[in-house]
Ligand code: HEM
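Numbering (UniProt numbering), first residue to last: 1 to 511.
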């Protein structure tokens, strides 16, 4: 409720002074178009206003903050094809249309710069973007992801003896893969993982976190960074990496002067997607069996370039990849700021407009997908929807599309699934159901912790075979030096496991 003109005025002044921080603080807003009084601006934006965009024919809705005769800020939500395509590249520098450039278009990403201590690609919006993206793409190759992922998962599987938190192991694995493939960093301490999770929350919710807490966390990661980088510096320099590229590009004296470990906060999206796929697989035996059969049919080392090429082309695994990206679409809504007036798909965008493209809404828009609430890999069988083209845009689209979408993320995903289920049965032990991540959320992340068990199928088959064998056969199989041949059965071990034991044999062994 609006309590008085003084409060409204003070809230407006604060909003003018610091617009980004005021979105979502719970202050009382007066939205001009409907005269509606809003308490939670952020919720209004990502639910009600986004609902309106999805329900509209064109996929666009807008409103403004202020009074009908004094609008301070404008808000636009885009979910329709032509709007999304233009909105994601709003204000980008282009030699062809220099008038469209808006130096402040990416100012909503300021918390990333504050957290890293340096500007990152997401903060850049001028001529430098091209070179920076080139440097990133060069160091996010499919080949590096394949070899790093195969190594990390081999190590992980050899240590996987008991029930584990799926969220944690996948996050740690993804962080290590990115660290190796992107930075040539061999080892990331496990204590970094909870810090990265908090960091992601802080960056998404900068307005809800005190400056002191933000700085403390930043410093904690920086201290860890300085230790890890100085320990591994010699090794890092042995190979080409984004880290050495960055050192030169940012003019830093030492590698440790960059907060490289903080940059690993990018793991959140791929961690969510791999975790989501494994949860679906763990709770759907039929899907798990079909996938395993398909993966085993390759008969190649999937960590080798040839093996991965074959893995990459498996149809069911690819459908699961696309459907997981759609269903779990892990990015927060894309956000841009228009400091000056412009147009998007013919719609006037006044100065001081916040533009939001909720990709997750697009991926769950019933106009684009039948029964979007169902995880159904078969919807991609026809192959008519191409990744990075509307509506299949979990990595966005256009000039700022995710640089990991050209093979890097796919390799991480496919190697992870293949390595985990190829020789093992994955079971969810902690929950009967998987939570549904709301479509309208600003943070598409799992809130619950899931525990899983991994049973090696060869060992399982072996112990099953032992259960099914006569005592003599078990002794023989285990290489016992003396045994009395069982004269009642002349069948070989092979035959016996194939045709199955008699009831009598089972009883004899169990007693
Ligand atoms: C399934 C996994 C992933 C998804 C769905 C995803 C999604 C996205 C999206 C939607 C953007 C566009 C942001 C914008 O325009 O505002 C983006 C940008 C970016 N992503 Fe990803 N991402 C994933 C994995 C990764 C990984 C593994 C890395 C690095 C190792 C990465 C690095 C980046 C970078 C550096 C940008 C900024 C590009 C720019 O501003 O030009 N992403 N990502």
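Glycine residues also receive a C-beta, built at the ideal position from the N, C-alpha and C atoms. Values in this document were obtained by computation on a predicted structure and should not be read as measured data.
For residue j and residue i, believed in contact at Cβ under 8 Å, the rounded distance
i: residue 302; j: residue 415; result: 7 Å
i: residue 146; j: residue 409; result: At roughly 12 Å, the Cβ-Cβ gap does not stay under 8 Å, so residue 146 and residue 409 are not in contact.
i: residue 320; j: residue 277; result: 6 Å
i: residue 357; j: residue 120; result: With a Cβ gap of about 20 Å, residue 357 and residue 120 do not count as contacting.
i: residue 196; j: residue 224; result: That pair is no contact at about 10 Å.
i: residue 169; j: residue 148; result: Actually they do not touch by this definition, with Cβ atoms about 16 Å apart.
i: residue 83; j: residue 344; result: 6 Å
i: residue 37; j: residue 44; result: Not quite, the Cβ-Cβ distance comes to about 10 Å (not below 8 Å), so this is no contact.
i: residue 329; j: residue 360; result: 4 Å
i: residue 59; j: residue 46; result: Actually they are not in contact, since the Cβ atoms of residue 59 and residue 46 sit about 15 Å apart, beyond 8 Å.
i: residue 175; j: residue 188; result: 6 Å
i: residue 133; j: residue 403; result: 6 Å
i: residue 50; j: residue 135; result: Contact doesn't hold; Cβ gap of about 34 Å is too wide.
Three-state class that DSSP yields for residue i in the structure shown
i: residue 529; result: For residue 529 there is no data in the structure shown, the boundaries of the chain being 1 and 511.
i: residue 482; result: For residue 482, the predicted model reports a pLDDT of 39, less than 50, meaning its position is unreliable; a value from the coordinates is still stated below. Here residue 482 sits in coil by DSSP.
i: residue 195; result: helix
i: residue 158; result: helix
i: residue 87; result: helix
i: residue 106; result: coil
i: residue 348; result: strand
i: residue 343; result: strand
i: residue 265; result: helix
i: residue 82; result: helix
i: residue 212; result: helix
i: residue 460; result: helix
i: residue 66; result: strand
i: residue 258; result: coil
i: residue 76; result: strand
i: residue 61; result: strand
i: residue 93; result: coil
i: residue 46; result: helix
i: residue 354; result: strand
i: residue 184; result: coil
i: residue 302; result: coil
i: residue 453; result: strand
i: residue 442; result: coil
i: residue 252; result: coil
i: residue 310; result: helix
Check whether residue i and residue j have beta carbons under 8 Å apart
i: residue 275; j: residue 428; result: no
i: residue 518; j: residue 116; result: The displayed coordinates of the chain run from 1 to 511. Any statement about residue 518 would go beyond what the structure contains.
i: residue 454; j: residue 426; result: yes
i: residue 279; j: residue 166; result: yes
i: residue 73; j: residue 450; result: no
i: residue 102; j: residue 396; result: no
i: residue 247; j: residue 185; result: no
i: residue 255; j: residue 229; result: yes
i: residue 123; j: residue 113; result: yes
i: residue 268; j: residue 200; result: yes
i: residue 108; j: residue 335; result: yes
i: residue 158; j: residue 400; result: no
i: residue 413; j: residue 273; result: yes
i: residue 377; j: residue 316; result: yes
i: residue 422; j: residue 292; result: yes
i: residue 311; j: residue 150; result: no
i: residue 314; j: residue 387; result: no
i: residue 182; j: residue 242; result: yes
Nearest candidate by alpha-carbon position, reference residue i, set the options
i: residue 459; options: 388, 424, 387 and 447; result: 424
i: residue 139; options: 93, 46, 244 and 73; result: 244
i: residue 363; options: 392, 318, 152 and 240; result: 392
i: residue 192; options: 150, 298 and 173; result: 173
i: residue 433; options: 281, 271, 39 and 212; result: 281
i: residue 163; options: 184, 452, 199 and 372; result: 452
i: residue 75; options: 85, 334, 61 and 84; result: 61
i: residue 398; options: 450, 91 and 169; result: 91
i: residue 141; options: 447, 406 and 380; result: 406
i: residue 331; options: 365, 370 and 441; result: 441
i: residue 180; options: 239, 206 and 211; result: 239
i: residue 379; options: 388, 422, 326 and 351; result: 326
i: residue 436; options: 292, 375 and 183; result: 375
i: residue 205; options: 111, 41 and 431; result: 111
i: residue 346; options: 85, 213 and 50; result: 85
i: residue 438; options: 365, 241, 218 and 63; result: 365
i: residue 98; options: 125, 258, 56 and 464; result: 125
i: residue 53; options: 386, 207, 431 and 367; result: 367
i: residue 80; options: 57, 211 and 104; result: 57
i: residue 96; options: 390, 271 and 127; result: 127
Below-8 Å beta-carbon distance, residue i vs any chain C residue
i: residue 322; result: Absent from the structure is chain C; it holds one protein chain and no more.
Alpha helix (DSSP H) runs wholly inside the segment 372 to 436, at least 4 long, in chain order:
408 to 421
What residue ranges within the segment 277 to 301 form continuous alpha helix (DSSP H) runs of no fewer than 4 residues, ordered along the chain?
The segment 277 to 301 contains these whole alpha helix (DSSP H) runs: 285 to 296.
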